[in-house]
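Below is one structure, written out as structure tokens; the observations come after it.
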Amino acid sequence: MRPTHPANRLRPSLLSTLPTTVALPTYDHAQLKTGIVHLGVGAFHRGHQAWYTEAVLNAKGGAWGILGVSLRSDQVQQQLRPQSGLYTLVQRHGASVTRQIIGAIQDVLSVPADNDLIIEAIAATDTHIVSLTITEKGYCYDQANHSLAENHPDIVFDLQQVTDEPLTPRPRTAIGFIVAGLRRRRLAAHGGLTLLSCDNLPGNGSILKTVVLDFARHLDPELSHWILTHLSFPNSVVDRMVPATTASDLAELNQDLGVNDQAAVFTETFSQWIIEDQFCAGRPEWELGGAVFVDNATPFEQAKLRLLNGSHSLIAYLGQLSGYPYVHQVINDEVFAELVDRYMSEVCPSLQMPAEFNLPNYRRQLLDRFANSALNHRTAQIAEDGSQKIRQRWLETVLADNPKDFKIHALALAGWAGFLRQVRDDGEHYDIIDPAADGLTEVVRDHQDAPISKLLSHIGLNEWAAQRPNFVALADQYFRLIQTQGSRATASAVLAGDL
Numbered sequence: 001m002r003p004t005h006p007a008n009r010l011r012p013s014l015l016s017t018l019p020t021t022v023a024l025p026t027y028d029h030a031q032l033k034t035g036i037v038h039l040g041v042g043a044f045h046r047g048h049q050a051w052y053t054e055a056v057l058n059a060k061g062g063a064w065g066i067l068g069v070s071l072r073s074d075q076v077q078q079q080l081r082p083q084s085g086l087y088t089l090v091q092r093h094g095a096s097v098t099r100q101i102i103g104a105i106q107d108v109l110s111v112p113a114d115n116d117l118i119i120e121a122i123a124a125t126d127t128h129i130v131s132l133t134i135t136e137k138g139y140c141y142d143q144a145n146h147s148l149a150e151n152h153p154d155i156v157f158d159l160q161q162v163t164d165e166p167l168t169p170r171p172r173t174a175i176g177f178i179v180a181g182l183r184r185r186r187l188a189a190h191g192g193l194t195l196l197s198c199d200n201l202p203g204n205g206s207i208l209k210t211v212v213l214d215f216a217r218h219l220d221p222e223l224s225h226w227i228l229t230h231l232s233f234p235n236s237v238v239d240r241m242v243p244a245t246t247a248s249d250l251a252e253l254n255q256d257l258g259v260n261d262q263a264a265v266f267t268e269t270f271s272q273w274i275i276e277d278q279f280c281a282g283r284p285e286w287e288l289g290g291a292v293f294v295d296n297a298t299p300f301e302q303a304k305l306r307l308l309n310g311s312h313s314l315i316a317y318l319g320q321l322s323g324y325p326y327v328h329q330v331i332n333d334e335v336f337a338e339l340v341d342r343y344m345s346e347v348c349p350s351l352q353m354p355a356e357f358n359l360p361n362y363r364r365q366l367l368d369r370f371a372n373s374a375l376n377h378r379t380a381q382i383a384e385d386g387s388q389k390i391r392q393r394w395l396e397t398v399l400a401d402n403p404k405d406f407k408i409h410a411l412a413l414a415g416w417a418g419f420l421r422q423v424r425d426d427g428e429h430y431d432i433i434d435p436a437a438d439g440l441t442e443v444v445r446d447h448q449d450a451p452i453s454k455l456l457s458h459i460g461l462n463e464w465a466a467q468r469p470n471f472v473a474l475a476d477q478y479f480r481l482i483q484t485q486g487s488r489a490t491a492s493a494v495l496a497g498d499l
């Protein structure tokens, strides 16, 4: 579809009018060929994987353009298509600001209007990588059984769709689209490709492999075997803070640029991408942008999930309860700053890092990143979908029943439970976003003295809870104290050793 260009909208013909401080693509954007289909083309992808791909294109060119897919709405399509896929990436740390135009994304397809085009893109012979940032819940993964959540209503729908309408299916899930595209790819004899998960899941490539194979097996065992023998599923670790873009962010940027960019993203300066080098159909030289390729991503994944993401969740829930809207405000509170540092001390013994990895330096770096006031990273955004996150971020660190070794983790879990009450310490109410929100809030209402075990059971972690009764009891104790004393006072008492 030929893009339309509203007046003054960022587009190729206006690049020469931008301030000279804005970095521009050095390759011929109009001649770029597609090599990657990316599902979930939100702010994080634009601030991370597309940025790395841009570095490759600027350095060496190549047929690694990205065709984005938006599975939820056409909002990103409406932002990027009128701009020929161009957008500004703004990096901020303190008073330092850099701006760069990214051209790696060629177009965006959206559901439901472009369903068949999405499937065809996955099947296309020039597509070598299908990558994903669809959040934890997008995988429809049953953590308890380590399999596809076959009873998930969207999976039930997709299996029926892809079975009944093999030529023109209308899936709802990323997994349904992927398998529909792979089936068409196999029939066309277009060979294999790499499926690359870029979400915060432990063993994200392995989980993606499991759900794709399970879904395909329901349709056709031969398709499942073909996928197993023709595709690769590398694990990866992604790290960059990319807060949701605000209207004031856009207004300030567009005033400075003199154009109207509706797709800009704002990030910190730090970025990390660690990837297992298992690409069966070629890949960009992402190392040119700083990506690191390894044989085994697991140690780095555990450090990132438990230290960065785990700290982030702790900050988010206690910050929300305390009335702090931004991460930097929480970390500037001396009680919560000490709490996060002590949380990291509980985590570190569980990590088995390579000798060259400087763990103390990584911890200091994280605290500095959390304190970056230029990001305005919202605690409410980080607090979303906790039911999908707490296992890998917190619970896998708790390796023993003895609660005295994991007091801060118990407080974190109590903070999540307190957050589910939807009442801040000052009495103000708020809404929560979580796929299990209705059931979780009901559990907290029905078990106001000791909800932890019931909450864990509700999200499939009943066996985990049963094996650690002392830890669960301690979290329940902290939950009750948060209700009576407030989250900050409870945290202070835990740090002082009074609890």
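Under the UniProt record's numbering, the first residue of the sequence shown carries the number 1, and numbering increases by one thereafter. All residues carry an ideal CB built from backbone N, CA and C; glycine is no exception. Note that the structure is predicted; figures quoted are calculated from it, not measured.
*Apply the 10 Å Cβ neighbour rule to Leu395 and answer buried if 16 or more other Cβ atoms are within range, or exposed otherwise.*
Residue environment for Leu395: buried (at least 16 other C-beta atoms within 10 angstroms of its C-beta).
*asked:* For the segment 48-65 against the segment 26-36, do three or more pairs of beta-carbon atoms, one drawn from each stretch, fall closer than 8 Å, so that the two count as touching?
replied: yes
*For the alpha helix (DSSP H) containing Val211, list its first residue and its last residue.*
Asn204 to Leu219
*Thinking Asp476 and Ile433 are a contact (beta carbons under 8 Å), I'd like their distance in whole angstroms, please.*
Contact between Asp476 and Ile433 fails: their C-beta atoms lie close to 25 Å from each other, not under 8 Å.
_Give the list of continuous beta strand (DSSP E) stretches no shorter than 3 residues that lie fully inside the segment 53-103._
The segment 53-103 contains these whole beta strand (DSSP E) runs: 65-70, 87-93 and 96-102.
*Using 10 angstroms around the beta-carbon of Ala263, count the other beta-carbons present and answer buried if the total reaches 16, otherwise exposed.*
buried
_Straight-line gap, Ala23 to Leu10 (C-alpha atoms, nearest Å)_ = Taking the straight line from one Cα to the other gives about 14 Å.
*Taking Arg306 as the reference, which of Ala281, Arg342 and Phe279 has the closest Cα?*
Arg342
*Can you tell me the Cα-Cα spacing of Leu455 and Ala297, whole angstroms?*
31 Å
*For Ala489, which residues of its own chain have a beta-carbon under 6 Å away from its beta-carbon, when the five flanking residues on both sides are left out?*
none
*Over what stretch of residues does the alpha helix (DSSP H) that includes Thr490 continue unbroken?*
Ser487 to Ala496 is the extent of the alpha helix (DSSP H) around Thr490.
_I'd like to confirm something about Leu461: is its beta-carbon nearer than 7 Å to some heavy atom of the ligand ADP, or not?_
Among the components of this structure there are no ligands whatsoever, and the ligand ADP is therefore not found.
_N- and C-terminal bounds of the alpha helix (DSSP H) containing Trp464_ = Asn462 to Gln467
*Take Gln83 as the anchor and find which of Gly427, Phe266 and Asn260 has the nearest alpha-carbon.*
Asn260
*In whole angstroms, what is the alpha-carbon distance linking residue 503 and Pro360?*
Nothing can be reported for residue 503: it is not among the residues displayed for the chain, which extend from 1 to 499.
_By the three-class DSSP mapping on this structure, what secondary structure does Val237 have?_
strand
_Contact criterion: CB-CB distance below 8 Å. Does Leu308 meet it with respect to chain D?_
Looking at the structure shown, chain D is missing, and only one protein chain is on hand.
*Excluding five sequence neighbours on each side, which residues of the same chain lie with their C-beta closer than 6 Å to the C-beta of Gln467?*
none
*Range of the contiguous beta strand (DSSP E) that encloses Gln272*: Residue range Gln272 to Glu276 is occupied by the beta strand (DSSP E) that includes Gln272.
*Buried or exposed by the 16-neighbour rule on C-beta atoms within 10 Å, applied to His429*: exposed
_Less than 6 Å between C-beta atoms, sequence neighbours within five positions excluded: which residues of the same chain meet that for Thr4?_
Confidence is the limiting factor: at Thr4 the pLDDT is only 42, short of 50, which leaves the residue's position unreliable, though a coordinate-based value still follows. Closer than 6 Å at Cβ, skipping near neighbours: Pro82.
*Taking only the alpha-carbon atoms, compute the straight-line gap between Phe479 and Ala59 and give it to the nearest angstrom.*
53 Å
_Between which two residues does the beta strand (DSSP E) holding Phe300 run?_
Element bounds for Phe300: not the beta strand (DSSP E) but the alpha helix (DSSP H), Thr298 to Ala303.
_Assumed close pair Leu491, Val330 - CB separation to whole angstroms, cut-off 8 Å_ = For the sequence presented, residue 491 should be read as Ala rather than Leu. That pair is no contact at about 11 Å.
_What would DSSP say about Phe279, mapped onto helix, strand or coil?_
coil
*Is the distance from the Cβ of Leu86 to the Cβ of Gly61 below 8 Å?*
no
*If we ignore side chains and look at the alpha-carbon of each, how far apart do Gly203 and Gln160 end up?*
28 Å
*Look up His5 in the DSSP assignment and say whether it is helix, strand or coil.*
Per-residue confidence for His5 stands at a pLDDT of 47, beneath the threshold of 50, marking its modelled position as unreliable; no derived number is given.
_If you follow the beta strand (DSSP E) that Gln357 is in, where does it begin and where does it stop?_
Looking at the sequence shown, residue 357 is not Gln but Phe. Unbroken run through Phe357: none, as it is neither H nor E.
*Between Asp498 and Ser73, what straight-line distance do the alpha-carbon atoms span, to the nearest angstrom?*
50 Å
_Report the CB separation of Asp239 from Ser271 in whole angstroms; it is logged as a contact under 8 Å._
7 Å
*Measure the alpha-carbon distance for Pro451 versus Ile459 and round it to whole angstroms.*
If you draw a straight line from the Cα of Pro451 to the Cα of Ile459, it is about 13 Å long.
*Is Gln448 buried or exposed, if buried means 16 or more other CB atoms sit within 10 Å of its CB?*
Exposed, by the Cβ-count rule.
*Are the Cβ atoms of Leu495 and Leu367 separated by less than 8 Å?*
no
*Among all the DSSP beta bridges, which residues are the ones paired with His458?*
None; His458 has no bridge partner.
*Compare the C-alpha of Gln388 against each of Ala144, Thr125, Ile129 and Asp126 and name the closest.*
Ala144
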